[in-house]
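Asker:
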Amino acid sequence: MDIGVLRRDGRTDPFFDGTAAGRLVVRRCEACDRWFAPDASGCPGCGEEELGWAEASGAATLVTWTILPKEPPAFLALVELAEGPWLHARLDGVERADLREGLALRAAFEHPDEGESYVLFRPWTERGSVR
Amino acid sequence: MGTSIVGLGMTELGRVYGRSPRRLAADAVRLAAADAGLALGDLDGLLVSHGMGGSPGIELADTLGLRDLRLLALVNSYGATAGAMVSYAAMSVLNGSATTVACVFADAPLKPEQSAGSAYNRSSREWYGFGGMTAALGLRSVNSHYALAAQRHMARYGTTSEQLGAIAVATRAWASGNPLAQMREPITIEDHQASRWVSEPLHLLDCCLVSNGAIAVIVTSAGRARDLARPPVHLWGWGQGHPGHRKERGSDFGLATGAAASGAAAMKMAGITTADVDVCELYDCYTYTVLVTLEDYGFCAKGEGGAFAASGALGPGGSLPTNTGGGQLSAYYMWGMTPLSEAVIQARGDGGQRQAPSTDVILVSGNGGILDHHSTLVVSPHEKGA
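Chains as they are written, first to last, in UniProt numbering: chain S, 1 to 131; chain U, 1 to 386.
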């Protein structure tokens, strides 16, 4: 499935600076010790509208998934970061038989020739990436 | 004092072109007033809801030449809006701030020469920002978001695609008796299984239609309703549920919805339990939505919606006739006005070939966003307590 070209829009610089460097940078409210997805617009705990940015570990687990009937099939998912937030994500290196709630995943970074780098999630074990 | 729906106005629905959403909305209000035996000038309230394809707003009052209104608002809780509007109209009548309120939904997302799917889909070569990135990676359609919800239910409770298919088959069986339904040809579980994947685990036959058109209802007091043209449809109860699921650890997304709180509130107000419900008209943007709503309303235990659907309860001859006009899956997609309009038709006994055997208590649902918002109405041909 052709992803197209990703562009910054003024709210995404820390995130795409992170993906370019192979780091998953998401939102964090320091006052509440709470992590959020990178597109979060504020902290519902304290009302802070200017959330900070912080580097997540990149470790995640699979919450749920859907498969688009493309060639090859596109595996889309909700993943739960180790820090708590859920991200809408694209899975890489998985097959149908792998898919289950709680599957361990790890962020992986793609650096296309044109446009911004982005993150995919791959199955992961203690010994490293499954594939 | 009670409140009642006394008028129903439905424009042509489906591939209806050449009329703007505002025009469609105005036509539906006129039809609803005529149906009730009211003049437009009898209306003193107007609540407006719009979909994806343009925005009739409160200027609709001017389009209709309505003057000296005492209630006029644009209401939006997405697919939960129809039930919400009717409850706001009823509360306004009960507290005396208005006497006769029209509630209308209009949409025209379909364009000639365009597929139905593209009306709710995104496509681009360049994508901007976080929303663009999510779309670029493949989440370009509401279908995929509901597929994520349905898959989670399947993984957790063992719900199967065939059980979802049972809902599609039952709904189509009802549609075959509805002259207004866009899809009337009966289908089988095999047809459902063979229909193409839209976003796994959802087949094409798990997904609703896309329609142009408008539907309006008119709400007034039960006392006034007695003198109008058509049999009143009495409002026994209403509720809403907005669970505020956050996308983070611990979320019930896909497993449970606002239907639990909304249904409980509406049934409590109505003084009924699920055992009293004769007919369900449920928001069926997807087969899965019906399944999870039935669970959350308490017609079966959590996780048993699949077995309940597969039991044959929902179709013609079943113990809980559900989506008797063919719903959004097979009849027409007018957001929450699809289940509400069919509830009015059934309560009046106007269902013809598809009339349910008993309609004393009808439960109507609305669902908005990606399972973010829910509304419920309990309606009956009888006055509450009568």
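Glycine included, every Cβ here is placed at the ideal spot set by N, Cα and C.
1. Could you check whether the Cβ of T359 (chain U) sits closer than 8 Å to any Cβ belonging to chain S?
2. Output needed in chain order: residues of the segment 144-157 of chain U with a Cβ under 8 Å from some Cβ in chain S.
3. Indicate the three-state DSSP secondary structure (helix, strand or coil) for residue 392 (chain U) in the structure shown.
4. Are any of the Cβ atoms in chain S nearer than 8 Å to that of Y128 (chain U)?
5. Per DSSP, which residues does C208 (chain U) bridge with? Please list them.
6. Taking W65 (chain S) as the query, report the chain U residues whose CB atoms sit under 8 Å from its CB, ordered along the chain.
7. Which one or two residues does DSSP pair with Q240 (chain U) in a beta bridge?
8. Measure the C-alpha to C-alpha separation of D68 (chain U) and D206 (chain U) and round it to an integer number of angstroms.
9. Counting contacts by CB-CB distance shorter than 8 Å, is E80 (chain S) in contact with chain U?
10. How about L371 (chain U) and F299 (chain U): do their beta carbons lie closer than 8 Å?
11. At which residues does the alpha helix (DSSP H) containing L294 (chain U) begin and terminate?
12. Note down, in chain order, all residues in the UniProt domain "ChsH2 rubredoxin-like zinc ribbon" (17-51) of chain S with a beta-carbon under 7 Å from any beta-carbon belonging to chain U.
13. What does K302 (chain U) reach in chain S if we use C-beta pairs closer than 8 Å?
14. I'd like to know whether the C-beta atoms of L314 (chain U) and L78 (chain S) end up nearer to each other than 8 Å.
15. Excluding the 5 residues flanking D350 (chain U) on each side, which residues of the same chain have their C-beta closer than 7 Å to its C-beta?
16. When DSSP labels each residue in this structure, what does E190 (chain U) get in the three-state scheme?
17. Let me check understanding here. Comparing Cα to Cα, which of U:Y17, U:A36 and U:E185 lies closest to L228 (chain U)?
18. Between the segment 158-169 of chain U and the segment 267-280 of chain U, are three or more C-beta pairs nearer than 8 Å?
19. Between which two residues does the beta strand (DSSP E) holding G366 (chain U) run?
20. How about A56 (chain S) and W35 (chain S): are their beta carbons less than 8 Å apart?
21. Excluding the 5 residues preceding and the 5 following V344 (chain U) in the sequence, name in chain order all residues of the same chain whose CB lies nearer than 7 Å to its CB.
22. So, does the CB of P69 (chain S) fall closer than 8 Å to a CB anywhere in chain U?
23. Take A155 (chain U) as the anchor and find which of U:P109, U:G306, U:P381 and U:G326 has the nearest alpha-carbon.
24. Are the C-beta atoms of L139 (chain U) and some chain S residue less than 8 Å apart?
25. Kindly list, in the order they appear in chain U, the residues whose Cβ is closer than 8 Å to that of T125 (chain S).
26. Quick one: which residues of the segment 256-277 of chain U get their C-beta closer than 8 Å to a C-beta of chain S? List them in chain order.
27. Do the segment 363-379 of chain U and the segment 77-87 of chain U meet, that is, are 3 or more Cβ pairs less than 8 Å apart?
28. Starting from D107 (chain U) and walking both ways along the beta strand (DSSP E), at which residues does that stretch end?
29. Between L6 (chain S) and chain U, is the shortest Cβ-Cβ distance under 8 Å, so that the two count as touching?
30. Is S358 (chain U) close to the ligand GTP? I mean its beta-carbon at under 7 Å from any heavy atom of the ligand.
31. Can you tell me whether DSSP reads Y118 (chain S) as helix, strand or coil?
32. Quick one, which residues of the segment 190-221 of chain U are near chain S if we go by CB-CB under 9 Å, in chain order?
33. Pull up the DSSP beta-bridge partners for L235 (chain U), would you.
34. Note the first and the last residue of the continuous alpha helix (DSSP H) segment covering F130 (chain U).
35. Measure the beta-carbon distance from E110 (chain S) to V5 (chain S) and round it to whole angstroms, keeping in mind my assumption that it falls under 8 Å.
36. With H, G and I counted as helix, E and B as strand and the rest as coil, what does DSSP make of G349 (chain U)?
Answerer: Quick look at the numbers:
1. no
2. S144, A147, L148, A149, Q151, R152, A155 and R156
3. Residue 392 (chain U) is absent from the structure shown; chain U starts at 1 and stops at 386.
4. yes
5. Its beta-bridge partners do not exist; DSSP assigns none.
6. By Cβ distance, chain U contributes L148 and Q151.
7. Per DSSP, U:S375.
8. 45 Å
9. yes
10. no
11. T287 to Y297
12. A37, P38 and D39
13. What K302 (chain U) touches in chain S, judged by beta-carbon distance under 8 Å, is nothing: the nearest beta carbon there is about 16 Å away.
14. Their beta carbons are not under 8 Å apart, which means L314 (chain U) does not touch L78 (chain S) by this criterion.
15. none
16. helix
17. U:A36
18. no
19. I362 to G368
20. Yes, the pair counts as a contact, with Cβ atoms nearer than the cut-off.
21. I5, L8, V217 and V233.
22. yes
23. It is U:G306 whose Cα lies nearest to the Cα of A155 (chain U).
24. yes
25. Neighbourhood of T125 (chain S) in chain U, by CB distance below 8 Å: empty, with the nearest CB roughly 21 Å away.
26. none
27. yes
28. T100 to D107
29. yes
30. The model depicted lacks the ligand GTP and carries no ligand whatsoever.
31. strand
32. Residues of the segment 190-221 of chain U with a C-beta less than 9 Å from any C-beta of chain S: R196, W197, V198, S199, E200, P201 and L202, listed in chain order.
33. U:T3 and U:V379
34. G129 to A136 is the extent of the alpha helix (DSSP H) around F130 (chain U).
35. Not quite, the Cβ-Cβ distance comes to about 12 Å (not below 8 Å), so this is no contact.
36. coil
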